[in-house]
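Chains A and B supply the protein sequences, listed in that same order.
Residue numbering for the first sequence follows the UniProt record's numbering, beginning at 1 and increasing consecutively.
Residue numbering for the second sequence follows the UniProt record's numbering, beginning at 1 and increasing consecutively.
C-beta: ideal position from N, C-alpha, C; glycine also.
Please read the structure below before turning to the comments.
Number of protein chains: 2
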Amino acid sequence: MQSLKQISTLSNRSEVQFLPLMAQEDHQSPPYLGQVLVIRPPPVFSVHEQYISSKFQILKAYESPLPTHDFLQTYAQSVKVVLCSGGSPITADVLHDLPALQLVVSSTTGVNHIDMAECRRREIRVTNTGDLFSDDVADGAVGLLIDVMRRISAGDRFVRGGRWPAISEYPLGSKLGGKRVGIVGLGNIGSSVATRLEAMGCIVSYTSRQKKNSTHYTFYPNVLQLASNSDALIICCALTNDTRHMINNTVLRALGKTGVIVNVARGAIIDEVELVECLVEGEVGGAGLDVFEKEPKVPNELFELDNVVLSSHSTACTRECFYDAAQTVVANLEAFFMSKPLLTPVS
Amino acid sequence: MQSLKQISTLSNRSEVQFLPLMAQEDHQSPPYLGQVLVIRPPPVFSVHEQYISSKFQILKAYESPLPTHDFLQTYAQSVKVVLCSGGSPITADVLHDLPALQLVVSSTTGVNHIDMAECRRREIRVTNTGDLFSDDVADGAVGLLIDVMRRISAGDRFVRGGRWPAISEYPLGSKLGGKRVGIVGLGNIGSSVATRLEAMGCIVSYTSRQKKNSTHYTFYPNVLQLASNSDALIICCALTNDTRHMINNTVLRALGKTGVIVNVARGAIIDEVELVECLVEGEVGGAGLDVFEKEPKVPNELFELDNVVLSSHSTACTRECFYDAAQTVVANLEAFFMSKPLLTPVS
Numbered sequence: 001m002q003s004l005k006q007i008s009t010l011s012n013r014s015e016v017q018f019l020p021l022m023a024q025e026d027h028q029s030p031p032y033l034g035q036v037l038v039i040r041p042p043p044v045f046s047v048h049e050q051y052i053s054s055k056f057q058i059l060k061a062y063e064s065p066l067p068t069h070d071f072l073q074t075y076a077q078s079v080k081v082v083l084c085s086g087g088s089p090i091t092a093d094v095l096h097d098l099p100a101l102q103l104v105v106s107s108t109t110g111v112n113h114i115d116m117a118e119c120r121r122r123e124i125r126v127t128n129t130g131d132l133f134s135d136d137v138a139d140g141a142v143g144l145l146i147d148v149m150r151r152i153s154a155g156d157r158f159v160r161g162g163r164w165p166a167i168s169e170y171p172l173g174s175k176l177g178g179k180r181v182g183i184v185g186l187g188n189i190g191s192s193v194a195t196r197l198e199a200m201g202c203i204v205s206y207t208s209r210q211k212k213n214s215t216h217y218t219f220y221p222n223v224l225q226l227a228s229n230s231d232a233l234i235i236c237c238a239l240t241n242d243t244r245h246m247i248n249n250t251v252l253r254a255l256g257k258t259g260v261i262v263n264v265a266r267g268a269i270i271d272e273v274e275l276v277e278c279l280v281e282g283e284v285g286g287a288g289l290d291v292f293e294k295e296p297k298v299p300n301e302l303f304e305l306d307n308v309v310l311s312s313h314s315t316a317c318t319r320e321c322f323y324d325a326a327q328t329v330v331a332n333l334e335a336f337f338m339s340k341p342l343l344t345p346v347s
Numbered sequence: 001m002q003s004l005k006q007i008s009t010l011s012n013r014s015e016v017q018f019l020p021l022m023a024q025e026d027h028q029s030p031p032y033l034g035q036v037l038v039i040r041p042p043p044v045f046s047v048h049e050q051y052i053s054s055k056f057q058i059l060k061a062y063e064s065p066l067p068t069h070d071f072l073q074t075y076a077q078s079v080k081v082v083l084c085s086g087g088s089p090i091t092a093d094v095l096h097d098l099p100a101l102q103l104v105v106s107s108t109t110g111v112n113h114i115d116m117a118e119c120r121r122r123e124i125r126v127t128n129t130g131d132l133f134s135d136d137v138a139d140g141a142v143g144l145l146i147d148v149m150r151r152i153s154a155g156d157r158f159v160r161g162g163r164w165p166a167i168s169e170y171p172l173g174s175k176l177g178g179k180r181v182g183i184v185g186l187g188n189i190g191s192s193v194a195t196r197l198e199a200m201g202c203i204v205s206y207t208s209r210q211k212k213n214s215t216h217y218t219f220y221p222n223v224l225q226l227a228s229n230s231d232a233l234i235i236c237c238a239l240t241n242d243t244r245h246m247i248n249n250t251v252l253r254a255l256g257k258t259g260v261i262v263n264v265a266r267g268a269i270i271d272e273v274e275l276v277e278c279l280v281e282g283e284v285g286g287a288g289l290d291v292f293e294k295e296p297k298v299p300n301e302l303f304e305l306d307n308v309v310l311s312s313h314s315t316a317c318t319r320e321c322f323y324d325a326a327q328t329v330v331a332n333l334e335a336f337f338m339s340k341p342l343l344t345p346v347s
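Written as structure tokens, this is what we have:
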């Protein structure tokens, strides 16, 4: 079995084309290692289905004419493992329908779509993809920040709309160098964002559950103080009961009329209604949003704004990351069925 | 007079709002230091006109009903100084019309719009804005690269077009980490781009007139070899007779079907007809273009492509940069009229 380190180095080989991983044509291959339930196909599964399906028997709830609840009850006694992502949440109800469940494998980093408390109570183990996605999400966050401050997507619309010859001077953007950027949640993604911002001359500070001794960035004990002292905020923390709607009207007004907010974490960390109000009323300067409260629904008011860049929860979506994530999913499933230690368990 | 170092630090003060610089309300202020011809208003002049006009008598050819040639001939004997940018080229014809000219002040870094050979012959001095714009242009270049590779502007169109709910899986982007990025021209801008790319885990190499001993990046002696060994090319060099159409069909095909090209230098460094052909035929993977051969004209074929990001020669256009550039323009003009050393002469 490949180690996570071995897997993650694959994406550094630029000659690899990252086509979908293919089933090995090995006539000596053993029969399926075990059965894996998929309620709705995670994107990583869709891209690499042939590879994953060559190793495990996939029980596809989404191809059954039965309602999900009925389907789950039909297979209730046999399902030990479920593969999921944000689009197929593992709620208390789903868990209730699966009394024999032993493992939840998520093809994502965040596990807010899994009822972790119930999993703990029933001793159901959970795996994610570790920090495979961190660098790509950080690149996406920085891309969104540059895009909003330097008006790249709006400028692309301006040129494609044929407006350049008529209006020779496109509105000025805002310089990144020297700007104070506050990072909400200095984990793997937040730290990767910070490294990139420092290279652009930004002044980085952060807030998190507790001050980190391993960094020289200025710490603020809460997000309101961070916003008050920042020209831009980048949300990189997990969605929990503590962080839900943490970014509200008060925080956004502290960020201010020229402040920019970027969210690459989870939509519900921001009170979306209040964010839309602040953007429409000019109480905040701009936003780069990869995530939303009710995906794939995006508030229509945002479609009219040139100081907003919208993305479809895709900052983690690169061919290289999906390739690595598929291998991590398979490695965790193999480990489970072979009674070996899981590769990336969520504690 | 402020030194360039003092000026450049202004943009690091995030509390500065970078509103247009205002004429100082100083009733003791001396009369105009001298006369400055403006044939067409450079963008920096348009934004900070009141400030610049408070110090110098501006002779505005663009407000005269006379054709430019006639206007210039009318003022031929008095004009010692002209302020220009790419939109108001100082050609041999213009220079011929201005026999008393002693100084050309450009509000840009590049001076390819000035007939430098004729200026040298006539001992007309030329100033640019030094490297004020380097960091902003580098941010713009990196923004365009991330945008193309991670499909940010195309994704913004996808979401604004209301397509996300119907097509849940947006096409995967390409990871930046581990990619080999070749920089064409490792001057101030190229070096700033390199610093940013390294923070994102890219492998940087370059070509330039000669190998630089001060850097650890791999050097290739020509752009074809660089393209053959790169996943992306970023054009950061000056436009000269040597670099005109340096990026042609052969170089683009060496970059290849998944390769990305970014141009933040000058449009004519790329053979635009051949680039458009390569993009339309899929011979090159994508492009982020801030500059074009016949600005503000952009080839219509590009408007249809989702793997292209278009920008209106605006990677240098931030409020902070324009603020600094206006001060550099004024400082050079003051130095000239007070017979002091020019701040940022072009050698």
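Taking every protein chain shown into account, the CB of Gly161 of chain B has fewer than 16 other CB atoms within 10 angstroms, so this residue is exposed. The beta carbon of Pro42 of chain A sits closer than 6 Å to the beta carbons of Ser85, Ser107 from its chain, once the five residues preceding and following it are set aside; these are given in chain order. In this structure Ala92 of chain A is in contact with Asp115 of chain A, their Cβ atoms being roughly 5 Å apart against a cut-off of 8 Å. With three or more CB-CB distances shorter than 8 Å, the region 87-102 of chain A counts as touching the region 111-125 of chain A.
For the options B:Arg266, B:Asn241, B:Ile270, B:Leu239, the alpha carbon positioned closest to that of Val251 of chain B is the one of B:Ile270. Collapsing the DSSP output to three states places Phe292 of chain A in coil. Assignment of beta strand (DSSP E) within the region 110-174 of chain B, counting only whole runs of 3 or more residues, yields 125-127 in chain order. Within the DSSP secondary-structure output, Ala287 of chain B pairs in a beta bridge with B:Ile261, B:Val308. Of all alpha-carbon atoms in B:Ser46, B:His96, B:Gln50, the one lying nearest the alpha-carbon of Gly87 of chain B is that of B:Ser46. In the three-state scheme derived from DSSP, where H, G and I count as helix and E and B as strand, Leu101 of chain B is classed as coil. Lys60 of chain A is outside the set of residues whose beta carbon lies under 8 Å from a beta carbon in chain B. Buried is the label assigned to Arg150 of chain A, since at least 16 other Cβ atoms lie within 10 Å of its Cβ. In the structure shown, Ala76 of chain A falls within a coil segment according to DSSP collapsed to helix, strand and coil. With respect to Ser312 of chain A, Pro296 of chain A sits close: the two C-beta atoms are nearer than 8 Å.
Look at the region 114-144 of chain A: the residues with a C-beta under 9 Å from a C-beta of chain B are Asp135, Asp136, Ala138, Asp139, Gly140, Val142, Gly143, Leu144. Residues of chain A with a Cβ closer than 8 Å to the Cβ of Lys175 of chain B are, in chain order, Ser11, Asp135, Asp136, Asp139, Thr318, Arg319, Glu320, Cys321. Comparing alpha carbon positions, the residue from A:Ala316, A:Leu275, A:Glu281 closest to Thr109 of chain A is A:Ala316. The region 334-342 of chain B makes no contact with the region 72-79 of chain B; the number of CB pairs closer than 8 Å stays below 3.
At least 8 Å separates the CB of Phe45 of chain A from every CB of chain B. With a cut-off of 8 Å on Cβ pairs, the region 223-237 of chain A is in contact with the region 245-262 of chain A, counting three or more such pairs. By a beta-carbon distance limit of 8 Å, Asn188 of chain A contacts Ser134 of chain A. Their separation comes to about 4 Å. Within chain B, no C-beta atom comes less than 8 Å from the C-beta of Tyr51 of chain A; the nearest is roughly 15 Å away. With a cut-off of 8 Å on Cβ pairs, the region 115-125 of chain B is not in contact with the region 264-281 of chain A, counting fewer than three such pairs. Cβ contact annotation for Asp136 of chain A (same chain, cutoff 7 Å, sequence separation greater than five): Thr315, Ala316, Thr318, Cys321, in chain order. Put simply, of A:Ser191, A:Asn213, A:Lys211 the residue whose alpha carbon is nearest the alpha carbon of Val204 of chain A is A:Ser191. Not one beta carbon of chain B lies nearer than 8 Å to the beta carbon of Tyr220 of chain A. Around Thr195 of chain B, the beta-carbon contacts reaching into chain A at under 8 Å are Ala199. Within 10 angstroms of the beta-carbon of Val260 of chain B lie 16 or more other beta-carbons, which makes it buried. Neighbours of Asp242 of chain A in chain B, taken as residues whose beta carbon is under 8 Å from its own, are absent, since the nearest beta carbon is some 29 Å off. Taken through DSSP and simplified to helix, strand or coil, Phe56 of chain B comes out as coil.
Against chain A, the beta carbon of Lys297 of chain B has neighbours under 9 Å at Trp164, Pro165, listed in chain order. Within a 10 Å sphere around the beta-carbon of Lys175 of chain A sit 16 or more other beta-carbons, which makes this residue buried. Taking C-alpha positions only, Val38 of chain A is separated from Leu66 of chain A by approximately 14 Å. Excluding five sequence positions before and after Tyr217 of chain A, the CB atoms of its chain that fall closer than 6 Å to its own CB belong to Val204, Ser205, Tyr206, given in chain order. A Cβ-Cβ contact shorter than 8 Å links Val264 of chain A with Gly140 of chain A.
The C-beta of Glu169 of chain A comes closer than 8 Å to at least one C-beta of chain B.
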